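Peer 1: Letter by letter, the sequence shown follows residues 1 to 391 of the UniProt record's numbering.
Using N, Cα and C, we set each Cβ at its ideal position, and we do this for glycine too.
Computed from a prediction, not measured in an experiment: that's the story for all the values here.
Below: one structure in structure tokens.
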Amino acid sequence: TAVYICVTCDWLIFHSDLTWFLPLWETLKSQKVNCHILQGFYTTSLFFFTGTSSFISFLSCFRVFCRSKFFIATIFLAVSAAIFLCPVFIQSPCLIDPLNLPEKPKLIGHRGAPMLAPENTMMSFNRSIACNMAGLETDVQLSKDRIPFLMHDNDTGFLLRTTNVKERFPNKSFNRSSDLTFEELQGLNAGEWFLKTDPFHSVSQLSEEEKERARQQSIPSLLQLLDLAKKHNKSVIFDLYSNNQENDTVDVVQTILSSGIDPSLVLWLPSEGREYVNYTAPGFIHIYNNIHDMFNKGGKHLNVKYNKLRMKTIRDLRENNVTVNLWVVNERWLFSLLWCAGASSVTTNSCDLQHVGRPDWVMAPSQYKAIWIAVDIVSAVIMIGVFILKR
């Protein structure tokens, strides 16, 4: 009875909306009056009318059919069948014969090892190498005097998050990398923020000596990173944030060539200026961040966010000899899943992934189906037994 009273009242409100709300709305709108409250009233009335009517219809049907044992039995059997059969049709990349498990994806340090040191500093990249990362990922910009340096933030106030620029230049604002010389950039502290903000809640794991070292970090140049990578035979991949893409590409390529690093260790990601790079530095490995661009340019190396590709697509690309790097992967379970799918490498903040020697869960499809069929049979026998005993 109470529900029917609510429906009746709501119908009256809704009906009144239709009869007087719309003309009033048009009048007020023509007079540029704020009508959000009336609009909300109208929408709410419509919602309650529809919802309450649907609820009463469902309730009436349910009460009628619930008196039928046949209906109850049908619903029970349908739900049971769905529960029994659902696991059999589940697909997972980790349902794979352990003998066919792909090799472990290589690890690329995202801005170094930012859980253990301030991002994009030499301390961070050294920690990444100590974690046995196969490659180093960073972000490159050019200073006022055309020196490539490492910094991720690149929009308005790009120095505010990771440096003490407000203390060094309290009356100035810098919105572009070309606003400062490299000498001015190196004069900024790029480590104190890490200890203060503790972005990964990991500072407590550092020794006092490591904290002091982090506190003294500055903004490094690309050349410093290349020298480190050359010394330890590590790959380097980077984004290039540029106000003048063509000229910046030229300066960055010349810096790389002058470092003497093995060209095959340079994973060229910037999409602009590929023709120039191919001509000037044919040994660079070209990485694409779009699968269509990669195929159009005849590429064989892809770098995308981990949730942009289906697991089957990753496996198909691997079978076609395409290397796939996925970013940013920090969790062990996700790393395990991408390992099973056939990812070639992952960009990560976490050094802990170096200790993962095997995916968390791997099972042959035949074994998985046999287990679930056995469980289904046992469950069905128990249900039938309970039914017989109850009768």
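Just reading off the alpha helix (DSSP H) that Phe335 is part of, what are its end residues?
Peer 2: 332 to 341
Peer 1: Could you check whether the region 197 to 214 touches the region 235 to 246, counting it as contact only if at least three pairs of C-beta atoms, one from each stretch, sit closer than 8 Å?
Peer 2: no
Peer 1: Indicate the three-state DSSP secondary structure (helix, strand or coil) for Ser259 in the structure shown.
Peer 2: helix
Peer 1: Would you identify the three-state DSSP class for Glu210, choosing helix, strand or coil?
Peer 2: helix
Peer 1: For Val362 versus His110, is the C-beta distance shorter than 8 Å?
Peer 2: no
Peer 1: Quick check: the Cα distance between Pro170 and Ser178, rounded to an integer number of angstroms?
Peer 2: 18 Å
Peer 1: Among the residues of its own chain, which have a CB less than 6 Å from the CB of Val324, if the five just before and after it don't count?
Peer 2: Leu302, Ile314, Leu317, Ala343, Ser344
Peer 1: Go through its chain and collect everything with a Cβ distance to Phe284's Cβ below 7 Å, but skip five positions before and after it.
Peer 2: Residues of the same chain with a CB within less than 7 Å of the CB of Phe284, apart from the 5 flanking positions on each side, are Pro263, Val266, Trp268, Val277 in chain order.
Peer 1: Are Pro220 and Thr347 touching if we call contact CB-CB under 8 Å?
Peer 2: no
Peer 1: Scan the region 262 to 292 and note each continuous beta strand (DSSP E) run of 3 residues or more that stays entirely inside, going in chain order.
Peer 2: 266 to 268
Peer 1: Can the beta-carbon of Thr162 be found less than 8 Å from the beta-carbon of Pro118?
Peer 2: Yes. Within cutoff.
Peer 1: Could you tell me which whole beta strand (DSSP E) segments of length 3 or greater appear in the region 178 to 241?
Peer 2: 235 to 240
Peer 1: Where do the ends of the beta strand (DSSP E) carrying Lys106 lie?
Peer 2: 106 to 110
Peer 1: Put Asn34 into one of helix, strand or coil per three-state DSSP.
Peer 2: Annotation note: pLDDT 46 at Asn34 (below 50); position unreliable, coordinate value reported separately. The answer is coil: DSSP assigns Asn34 none of H, G, I, E or B.
Peer 1: Assuming Tyr368 contacts Leu95 (C-beta within less than 8 Å), just tell me the rounded distance between them.
Peer 2: 6 Å
Peer 1: Do Gly187 and Gln216 have their C-beta atoms within less than 8 Å of each other?
Peer 2: no
Peer 1: Who pairs with Gln141 in a beta bridge, going by DSSP?
Peer 2: In DSSP, Gln141 forms a bridge with Phe149.
Peer 1: Can you name the start and end residues of the alpha helix (DSSP H) that Phe386 belongs to?
Peer 2: Per the sequence shown, the amino acid found at residue 386 is Val instead of Phe. That run of the alpha helix (DSSP H) goes 365 to 390.
Peer 1: Which residues does DSSP pair with Ser345 in a beta bridge?
Peer 2: Bridge partners of Ser345: Lys106, Asn325.
Peer 1: What residue from Ala214, Asp352, Gln205, Leu222 has the CA that sits closest to Pro193's CA?
Peer 2: Going by the sequence as given, residue 193 is Trp instead of Pro. With distances taken between Cα atoms, Trp193 lies closest to Ala214.
Peer 1: Does the beta-carbon of Lys172 have 16 or more other beta-carbons within 10 angstroms, so that it is buried, or is it exposed?
Peer 2: By the C-beta density criterion, Lys172 is exposed, having fewer than 16 other C-beta atoms within 10 angstroms.
Peer 1: Grouping DSSP H, G and I as helix and E and B as strand, with all else coil, what is Asn247?
Peer 2: helix
Peer 1: Identify the continuous beta strand (DSSP E) that holds Val304 and give its terminal residues.
Peer 2: 301 to 305
Peer 1: Select from Gly273, Phe125, Pro282 the residue whose C-alpha is nearest the C-alpha of Leu222.
Peer 2: Phe125
Peer 1: Just to confirm, are Ile261 and Ala229 a CB contact at a threshold of 8 Å?
Peer 2: A contact, by the Cβ cut-off of 8 Å.
Peer 1: Secondary structure at Leu85, three-state DSSP: helix, strand or coil?
Peer 2: helix
Peer 1: Over the uninterrupted alpha helix (DSSP H) stretch that includes Arg127, give me the two end residues.
Peer 2: 122 to 130
Peer 1: Which residue or residues does DSSP assign as beta-bridge partners of Gly135?
Peer 2: Bridge partners of Gly135: Ile108, Ser235.
Peer 1: Provide the residue span of the alpha helix (DSSP H) that contains Arg318, from first to last.
Peer 2: Note, Arg318: alpha helix (DSSP H), 311 to 319.
Peer 1: Following the continuous alpha helix (DSSP H) through Glu167, name the residue where it begins and the one where it ends.
Peer 2: 165 to 168
Peer 1: How many angstroms separate the CA atom of Met123 from the CA atom of Met133?
Peer 2: 14 Å
Peer 1: Hey, out of Lys104, Ala81, Ile75, whose CA is closest to Gln354's CA?
Peer 2: Lys104
Peer 1: Output yes or no for whether 8 Å exceeds the beta carbon distance between Trp339 and Pro359.
Peer 2: yes
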